């Protein structure tokens, strides 16, 4: 375990309700360093909310979300998140990455090489000076990955990062995610694309109506799902992946 | 009428010194008021947009309501504050361009603050999760949003300038419409019209409209260009 590592992450009986609706219902689990964790489930199962609770964008209504080591305010974050629709600032691609470094308190002189390395890593070096918002959807999502990757986070959350992309862009994004995984970043990704879950995942967390129904290695989950809900979900989803 | 228009156009073509002086003073007063209002109104709007504090909703209601402050009432209040017996009478700036700048600033600060609050709050809704995920605090997010909405904020400045350049009630009360000192386009138009001197009034009217149209056109062009360039 790296010095000052924030993993493992432990959720203890975490629930989240909004407007009288229970979206996450008593989930307990532990996320360790290492295997890529893929969260699957139907729309509305609570995948996005669960990741936001883990990442700290939402506070649980009850239960606890605890990292092994707490992050300090103002210090560079050891976790990052890429959203389904990337939010780009009205400035160049490289400035968007540099902005993340600036917020993290990286001195100006050190930012430039980090920005270049990060853009190189996602194959966007040639578009560094382009305004970020006029890039294509796939390019913007790769830029979002570069921005999240610039600080080499220990954990990277991805919320359906390819849901609004075409197959070519999706492949490019998957290549980048695989590279981050190989470089030692813990991947936690939500997807409803089961083919993608198989390609990128080591283990599956299956959610159904806010509950964690099943947690299993990828192959086992798809070949021998333990729950009726998971079996029905796999059967229902596969034809479209 | 046509005779008056002819004389008005001649005044314009000759760049009549008196007319030029009035136009320049108008611009000086209104642009100063816009600059001060933007300097105060942008941070205020941003703070209200991303801030969380008790009374926020009430503040927004008042701010929006103050966009429609009657100029004569603002003029009256500033007059009372600056008059010799008033709390700020010691400054001795009543019936000077400074008093006019203060009055117009009070008029358009709510406009710029309220409109920028709206623009920045819309952007905050879009950016909040991303900025928080990166670890940006609210204060730093507010500055990021100010810069990212810069082209929308141009429109708010424009609304403020339009209001300042066109209003007559506030500047006539605190400026006094003194020839060569505090006479601006709108007050001159009001005075000359009541005196029956239509050419000067008409000439100034033409200029006033031309300025407002030109400023709007420039701002629209800038915004379009920026939109295409930055998305």
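Residue numbers (this note's numbering), protein chains in the order written: chain A, 179 to 419; chain B, 8 to 238. A virtual CB, placed ideally from N, CA and C, is assigned to each residue, including glycine. Treat the numbers as computed from the prediction; the structure is a model and nothing was measured.
Legend entry - Backbone CA spacing between residue 218 of chain A and residue 51 of chain B [nearest angstrom]: The count along the first chain starts at 1 and reaches residue 218 of chain A at position 40. The count along the second chain starts at 1 and reaches residue 51 of chain B at position 44. Going from the Cα of residue 218 of chain A to the Cα of residue 51 of chain B covers about 44 angstroms.
Inset, instruction - Reducing DSSP to helix, strand and coil, say where residue 272 of chain A ends up. - result: Working through the first chain from its first residue, we reach residue 272 of chain A at position 94. Correct three-state label for residue 272 of chain A: helix.
Inset, instruction - Can you give me, in chain order, the residues of the segment 219-239 of chain A that have a beta carbon less than 9 angstroms from any beta carbon in chain B? - result: 230, 233, 234, 235
Legend entry - Beta-carbon proximity check, residue 131 of chain B vs residue 57 of chain B, cutoff 7 angstroms: For the purposes of this step, residue 131 of chain B is taken as residue 124 along the second chain, with counting starting at 1. For the purposes of this step, residue 57 of chain B is taken as residue 50 along the second chain, with counting starting at 1. It is a contact, given that the beta carbons lie within the stated cut-off.
Legend entry - Alpha-carbon to alpha-carbon, residue 65 of chain B and residue 339 of chain A: By 1-based counting over the first chain, the position of residue 339 of chain A is 161. By 1-based counting over the second chain, the position of residue 65 of chain B is 58. Answer to the nearest angstrom: the Cα atoms are 39 angstroms apart.
Legend entry - Residue environment, residue 395 of chain A, which counts as buried when at least 16 other CB atoms sit within 10 Å: In the first chain, residue 395 of chain A corresponds to position 217, counting from 1. Exposed, since its Cβ has fewer than 16 Cβ neighbours within 10 Å.
Legend entry - residue 35 of chain B beta carbon less than 7 angstroms from that of residue 115 of chain B: Your numbering for residue 115 of chain B matches position 108 in the second chain. Your numbering for residue 35 of chain B matches position 28 in the second chain. Contact: no.
Legend entry - Cα-Cα separation between residue 55 of chain B and residue 300 of chain A, rounded to whole angstroms: In the second chain, the residue the question calls residue 55 of chain B occupies position 48. In the first chain, the residue the question calls residue 300 of chain A occupies position 122. Straight-line Cα distance between these residues: approximately 38 angstroms.
Legend entry - CA-to-CA distance, residue 241 of chain A to residue 220 of chain A, given in whole angstroms: As a first step, residue 220 of chain A must be located in the first chain, where it is residue number 42. As a first step, residue 241 of chain A must be located in the first chain, where it is residue number 63. Going from the Cα of residue 220 of chain A to the Cα of residue 241 of chain A covers about 24 angstroms.
Inset, instruction - With residue 182 of chain B as the anchor, note down where its alpha helix (DSSP H) starts and where it stops. - result: In the second chain, counting from the first residue as 1, residue 182 of chain B sits at position 175. From DSSP, the alpha helix (DSSP H) with residue 182 of chain B extends over 176-182.
Legend entry - Contained alpha helix (DSSP H) runs [length at least 4] in the segment 142-223 of chain B, N- to C-terminal order: 145-155, 157-173, 176-182, 192-202
Inset, instruction - Could you confirm whether any beta carbon from chain B is found closer than 7 angstroms to the beta carbon of residue 292 of chain A? - result: Sequence index remark: in the first chain, residue 292 of chain A carries index 114 (1-based). Not one chain B Cβ lies under 7 angstroms of residue 292 of chain A.
Inset, instruction - For residue 386 of chain A, count neighbouring Cβ atoms within 10 angstroms of its own Cβ and tell me buried if that reaches 16, exposed if not. - result: By one-based count along the first chain, residue 386 of chain A stands at place 208. Buried: at least 16 other Cβ atoms inside 10 Å.
Inset, instruction - May I ask which residues mark the beginning and end of the beta strand (DSSP E) holding residue 195 of chain A? - result: Counting from 1 along the first chain, the entry for residue 195 of chain A is found at position 17. Taken as a continuous stretch (DSSP letters only), the beta strand (DSSP E) holding residue 195 of chain A covers 187-196.
Legend entry - Cβ neighbour criterion (16 or more within 10 Å) applied to residue 327 of chain A: Looking up residue 327 of chain A in the first chain gives position 149. Label assigned to residue 327 of chain A: buried.
Legend entry - Bounding residues of the beta strand (DSSP E) (the contiguous stretch that carries residue 45 of chain B): Mapped onto the second chain, residue 45 of chain B falls at position 38. Looking at the DSSP string, residue 45 of chain B is not in any beta strand (DSSP E); the run it does join, the alpha helix (DSSP H), is 24-57.
Inset, instruction - Pick out whichever of B:136, B:158, B:76 has its Cα sitting closest to the Cα of residue 148 of chain B. - result: Here residue 148 of chain B refers to the residue found at position 141 of the second chain. When each option's Cα is compared against that of residue 148 of chain B, the closest is B:136.
Inset, instruction - Apply the 10 Å Cβ neighbour rule to residue 419 of chain A and answer buried if 16 or more other Cβ atoms are within range, or exposed otherwise. - result: Against the first chain, residue 419 of chain A aligns to sequence position 241. Per-residue confidence for residue 419 of chain A stands at a pLDDT of 47, beneath the threshold of 50, marking its modelled position as unreliable; the derived number appears in the next sentence. By the neighbour-count rule (16 or more Cβ atoms within 10 Å), residue 419 of chain A is not buried but exposed.
Inset, instruction - Using a Cβ cut-off of 7 angstroms, pull out every chain B residue sitting near residue 389 of chain A, in sequence order please. - result: Translated into positions along the first chain, residue 389 of chain A becomes position 211. Simply none; closest approach about 24 angstroms.
Inset, instruction - Per DSSP, which residues does residue 333 of chain A bridge with? Please list them. - result: Against the first chain, residue 333 of chain A aligns to sequence position 155. DSSP output for residue 333 of chain A lists A:257, A:364 as bridge partner(s).
Legend entry - Candidates A:290, A:376, A:190, of which the one nearest residue 368 of chain A by Cα: Along the first chain, read from residue 1 onward, the residue named residue 368 of chain A stands at position 190. The residue with the shortest Cα to Cα distance from residue 368 of chain A is A:376.
Inset, instruction - Determine, using beta carbons only, whether residue 54 of chain B comes closer than 7 angstroms to chain A. - result: Reading the second chain from its first residue, position 47 is the one you call residue 54 of chain B. It does not; no Cβ of chain A falls within 7 angstroms.
Inset, instruction - Assuming residue 96 of chain B and residue 90 of chain B form a contact by the criterion Cβ under 8 angstroms, report the distance between their Cβ atoms to the nearest whole angstrom. - result: As a first step, residue 96 of chain B is located in the second chain; it is residue number 89 there, counting from the start. As a first step, residue 90 of chain B is located in the second chain; it is residue number 83 there, counting from the start. Rounded, the Cβ-Cβ distance is 6 angstroms, consistent with contact.
Legend entry - Status (buried if at least 16 other CB within 10 Å, exposed otherwise) for residue 245 of chain A: The sequence position of residue 245 of chain A within the first chain is 67, counting from 1. Flag for residue 245 of chain A reads buried.
Inset, instruction - Kindly indicate if chain A contains any beta-carbon less than 7 angstroms away from that of residue 232 of chain B. - result: Along the second chain, one-based indexing puts residue 232 of chain B at 225. No, residue 232 of chain B lies away from the interface with chain A (no Cβ there is under 7 angstroms from its Cβ).
Legend entry - Under 7 angstroms (Cβ pairs) to chain B, residues found in the segment 291-319 of chain A: 309, 311, 312
Inset, instruction - Output yes if chain A places a C-beta closer than 7 angstroms to the C-beta of residue 140 of chain B; else output no. - result: Indexing the second chain from 1 puts residue 140 of chain B at position 133. Yes, its Cβ sits closer than 7 angstroms to a Cβ of chain A.
Legend entry - Assumed close pair residue 196 of chain B, residue 208 of chain B - CB separation to whole angstroms, cut-off 8 angstroms: Numbered from its first residue, the second chain carries residue 196 of chain B at position 189. Numbered from its first residue, the second chain carries residue 208 of chain B at position 201. Right, the Cβ-Cβ distance comes to about 5 angstroms (below 8 angstroms), so this counts as a contact.
Inset, instruction - Kindly indicate if chain B contains any beta-carbon less than 7 angstroms away from that of residue 367 of chain A. - result: As a first step, residue 367 of chain A is located in the first chain; it is residue number 189 there, counting from the start. Residue 367 of chain A does not count as touching chain B.
Legend entry - Residue interval of the beta strand (DSSP E) (run including residue 203 of chain A): As a working mapping, residue 203 of chain A is identified with position 25 in the first chain. It spans 199-209 - the beta strand (DSSP E) in which residue 203 of chain A sits, taken as one unbroken run.
Inset, instruction - Give me the Cα-Cα distance between residue 39 of chain B and residue 108 of chain B, rounded to the nearest whole angstrom. - result: Position 32 of the second chain, counted from the first residue, corresponds to residue 39 of chain B. Position 101 of the second chain, counted from the first residue, corresponds to residue 108 of chain B. Whole-angstrom Cα-Cα distance: 7 angstroms.
Inset, instruction - Check whether the Cβ of residue 183 of chain A sits closer than 6 angstroms to any heavy atom of the ligand HEM, and report yes or no. - result: As presented, the structure is devoid of all ligands, the ligand HEM included, so that no description of it is given.
Legend entry - Member of A:228, A:325, A:316, A:234 whose CA lies at the smallest distance from the CA of residue 275 of chain A: What you label residue 275 of chain A is simply residue 97 of the first chain in a count that begins at 1. Measuring from the Cα of residue 275 of chain A, the nearest candidate turns out to be A:325.
Legend entry - Residues within the segment 318-351 of chain A neighbouring chain B, beta-carbon criterion of under 9 angstroms: 322, 325, 326, 335
Inset, instruction - Using beta-carbon positions only, say whether residue 187 of chain A and residue 205 of chain A come within less than 7 angstroms of one another. - result: Taking the first residue of the first chain as position 1, residue 187 of chain A is located at position 9. Taking the first residue of the first chain as position 1, residue 205 of chain A is located at position 27. No; because the gap between Cβ atoms is not below 7 angstroms, this pair is not in contact.
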